[in-house]
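Taken in order, these protein sequences are the chains called A and B.
Just so you know, we're using my numbering here: the first sequence kicks off at 696 and counts up by one.
Just so you know, we're using my numbering here: the second sequence kicks off at 3 and counts up by one.
Don't be surprised by glycine CBs; every beta carbon is placed ideally from N, CA and C.
As the structure is a prediction and not an experimental result, all values here were calculated from the model.
Some notes on the structure that comes next.
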Amino acid sequence: MRGPGGLILDPFLDYGFMRRALVGCLAVSLAAPPLGVFLMLRRMSLTADVLGHGILPGIAAGFLLAGLSVPAMAVGGLLAGLVVALGAGALSRATGGREDAALAALYLCALALGVALVAMGGGTAELTQLLFGSALGVDDAALLLMAATATLSLGVLAFAWRPLVLECFDPSFAQAVGARGGAWHMVFLALVVLNLLAAFQALGTLMGVGLMMLPAVAARHWSREVGGMVYAAVALAAGASFGGLLLSFHADVPSGPAVVLVAGLLWAGSLLFGPVEGVTARLRRRHLAG
Amino acid sequence: MKAAAAPVLVENLTVCHERRPAVHHLSGQFTPGSLTAIVGPNGAGKTTLLRALAGLHKPQQGRIRAAERVALLPQASALDRGFPIGCLDAVMLGLWRQTGPFRAVAPAGRAQAEAALQAVGLRGFQRRPVGSLSAGQFQRVLFARLLVQDAPVILLDEPFNALDARTAAEMLALVKTWHGEGRTVVAVLHDLDLVERDFPQTLLLARDPIGWGPTAEVLTAANRLRARQMAEGWADEAADCVDRAA
């Protein structure tokens, strides 16, 4: 295909690995951003970062034992992520909710340990792929993991919607009516870990959290209701996946940073032009008021 | 109408908050249909006692026996007021007992929630996000949720705090309606004039109970002085118990 349309469609028409990466990223875009919306509403954006880094040592251990095998790395990452999720919860309880400093310490250690482990077992190429993702890394096993995670996450979200909303909005009330907020919260954190894990082949452990959080933060500027925010976040993430993979292809940069950069652009655009507390919307209102 | 049939009994109750004993050795009962104010100095354990009555804190010692369903109005400051939820959805959360986590809200429940919004003076606010409400309007939404919960025992934590005079008066009228319907109502309050005027029963708490009974007998000058003196002794107290959130 010729012209600008070719620049946009040819990479996906000509290369199977680009199609796989796109399908995988769209699957992640369906499930991760809604979780990001709830993380943001609970003021747990930092926790997402911690979990994103927390899975790295596990993935690295899997890599050391079995090389670039998706099942081995996924199992390692899942175990490490669940341990970090439980640890972060315990830190939160021990510090009475003032856990941010301890969490920052935790994720620095996890990152250092992960990078050291990968460096022991491989070279710079593997390290780059694990940290920043690679469209080429999305094989059948990775695609299955992404699709299965998206299916499971959407199913659980549909069921747990009301308890999750209630637990965010009014935790005392949730406890008083016996909504088992704590149990739902653990299920929710497990889903976050699973989604970060699903994203890491395409986007890397450092960047996977970007596709979860940036569209969620941007979605704040598009709707005043949780439901609307979730739809907006999914749409923004899908756009970022598509645009980011193209950027990665044409500019020859790893797919993770490319997708997250586009998500960042969409966030900046939302901040400027979004109808809900966007900069221009606010200026216009002031102009009308003044 | 849900009149209370059984008292809420408190037996030798000790509850901790942030590893300090917040309520000591409290015994007594909220009789069915009574309207009681809990008053006392800051840090006297009023909120902790209320949360324990609602089942949110486990007693360190002693026990609470509430045979009937209890509804709690938390302090407005404990909620995320910027949360992106519409007023009607927020009120319908009060139907939790019928819906549980999964079931849809029945048309009757929806009508009930709409009627409750109307009863608290928020007709037409169904779709408004709670983030856009004033403090008074937000408190009205929480009262509407209480209406929908329709519980025989109602616990209110500083229900009139930071409200404009008109909202405070209207919410107080609702509280009196509940009292008239025979529900047991317990409210943590600061405004002693309000308590003397509108609350027949009072529990004066300074971690230890100072007095519990008819308001005029409890809010004597001698009792108030004793509560203040006890509060002055708390500053240098050692932590000697474990916080056990339920």
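Of all the CB atoms in chain B, is at least one closer than 9 Å to the CB of residue i?
i	result
P918 (chain A)	Before going further, note that residue 918 (chain A) is Ser rather than Pro in the sequence given. So yes, S918 (chain A) belongs to the interface.
G923 (chain A)	yes
D865 (chain A)	yes
V860 (chain A)	yes
Q824 (chain A)	no
A874 (chain A)	yes
L786 (chain A)	no
G816 (chain A)	no
Q870 (chain A)	yes
Tell me which residue opens and which closes the alpha helix (DSSP H) that residue i is part of.
i	result
A885 (chain A)	G876 to L898
Q128 (chain B)	No alpha helix (DSSP H) holds Q128 (chain B); DSSP gives it neither H nor E.
L798 (chain A)	D795 to G816
K4 (chain B)	No alpha helix (DSSP H) holds K4 (chain B); DSSP gives it neither H nor E.
F104 (chain B)	F104 (chain B) -> no alpha helix (DSSP H), and no H or E assigned at all.
V948 (chain A)	It is not in any alpha helix (DSSP H) - V948 (chain A) carries neither H nor E in the DSSP assignment.
D744 (chain A)	S740 to A761
D835 (chain A)	D835 to F864
N225 (chain B)	A223 to E234
M173 (chain B)	A167 to G182
V143 (chain B)	A137 to Q151
Using only alpha-carbon positions, find the residue among the options that is nearest to residue i.
i	options	result
A56 (chain B)	B:T204, B:L194, B:A189 and B:D195	B:A189
I703 (chain A)	A:R981, A:A755, A:L941 and A:V948	A:L941
A118 (chain B)	B:R129, B:V143, B:T179 and B:A68	B:V143
D200 (chain B)	B:N163, B:L37 and B:P9	B:L37
H916 (chain A)	A:G817, A:A927 and A:L751	A:A927
L777 (chain A)	A:D834, A:L892 and A:V912	A:L892
A914 (chain A)	A:V718, A:L736, A:F712 and A:R714	A:L736
R230 (chain B)	B:A208, B:V220, B:E219 and B:G215	B:A208
A153 (chain B)	B:W98, B:A80, B:Q203 and B:P43	B:W98
D193 (chain B)	B:H181, B:F162 and B:P202	B:F162
P766 (chain A)	A:V904, A:G899 and A:D834	A:D834
Q31 (chain B)	B:L165, B:P211 and B:I87	B:P211
T16 (chain B)	B:G184, B:P61 and B:G111	B:P61
M924 (chain A)	A:R714, A:L730 and A:L759	A:L730
A756 (chain A)	A:G816, A:L734 and A:Y710	A:G816
A39 (chain B)	B:G213, B:L165 and B:Q114	B:G213
R714 (chain A)	A:F937, A:A814 and A:A775	A:F937
A878 (chain A)	A:F758, A:L781 and A:E794	A:L781
G828 (chain A)	A:P699, A:L966, A:P952 and A:L956	A:P952
A106 (chain B)	A:A853, A:L708, A:L956 and A:M902	A:A853
T33 (chain B)	B:N14, B:T186, B:R228 and B:P202	B:T186
C89 (chain B)	B:L58, B:L95, B:R112 and B:R129	B:R129
E862 (chain A)	A:I754, A:A976 and A:M881	A:M881
For the putative contact between residue i and residue j, defined by C-beta atoms under 8 Å, what is the C-beta separation to the nearest angstrom?
i	j	result
L786 (chain A)	L803 (chain A)	In fact, because the Cβ distance is near 14 Å, the residues do not count as touching under 8 Å.
M908 (chain A)	S740 (chain A)	6 Å
G934 (chain A)	L978 (chain A)	That belief does not hold up - the Cβ atoms of G934 (chain A) and L978 (chain A) are roughly 25 Å apart, past 8 Å.
V197 (chain B)	V41 (chain B)	6 Å
G747 (chain A)	T900 (chain A)	6 Å
T844 (chain A)	A726 (chain A)	6 Å
I750 (chain A)	V971 (chain A)	The pair is not a contact, with the Cβ atoms about 33 Å apart (cut-off 8 Å).
S867 (chain A)	P86 (chain B)	The pair is not a contact, with the Cβ atoms about 19 Å apart (cut-off 8 Å).
A769 (chain A)	L840 (chain A)	6 Å
G2 (chain B)	G133 (chain B)	Coverage of chain B is limited to positions 3 through 248, which leaves residue 2 (chain B) absent and any answer about it impossible.
A897 (chain A)	A716 (chain A)	5 Å
Q141 (chain B)	L165 (chain B)	6 Å
Sort out for me which residues DSSP pairs residue i with in a bridge.
i	result
E2 (chain B)	Absent from the structure is residue 2 (chain B), since the part of chain B shown begins at 3 and ends at 248.
F32 (chain B)	B:V10
I156 (chain B)	B:A73 and B:V187
C18 (chain B)	B:P23
P211 (chain B)	B:L207
G88 (chain B)	B:P131
V41 (chain B)	B:L206
P270 (chain B)	It is not possible to answer for residue 270 (chain B), since the shown part of chain B is limited to 3 through 248.
Using a beta-carbon distance below 9 Å, is residue i in contact with chain A?
i	result
W98 (chain B)	yes
D82 (chain B)	yes
V1 (chain B)	Since the first and last residues shown for chain B are 3 and 248, residue 1 (chain B) lies out of range.
L95 (chain B)	yes
R112 (chain B)	no
L58 (chain B)	yes
A137 (chain B)	no
G88 (chain B)	yes
A240 (chain B)	Here A240 (chain B) scores only 48 on pLDDT, less than 50, and its place in the model should not be relied on; the value that follows carries that caveat. Answer no: the Cβ-Cβ gap between A240 (chain B) and chain A never drops below 9 Å.
F104 (chain B)	yes
P211 (chain B)	no
For the beta strand (DSSP E) containing residue i, list its first residue and its last residue.
i	result
Q824 (chain A)	Run containing Q824 (chain A): none in the beta strand (DSSP E); it sits in the alpha helix (DSSP H), T819 to F827.
I703 (chain A)	First-last for I703 (chain A): G698 to D709, but that is the alpha helix (DSSP H), not the beta strand (DSSP E).
T101 (chain B)	That residue, T101 (chain B), is in no beta strand (DSSP E); its alpha helix (DSSP H) goes W98 to T101.
For residue i, decide whether its Cβ has a neighbour in chain E, counting only Cβ atoms nearer than 9 Å.
i	result
L941 (chain A)	Absent here is chain E; the protein component of the structure consists of chains A and B.
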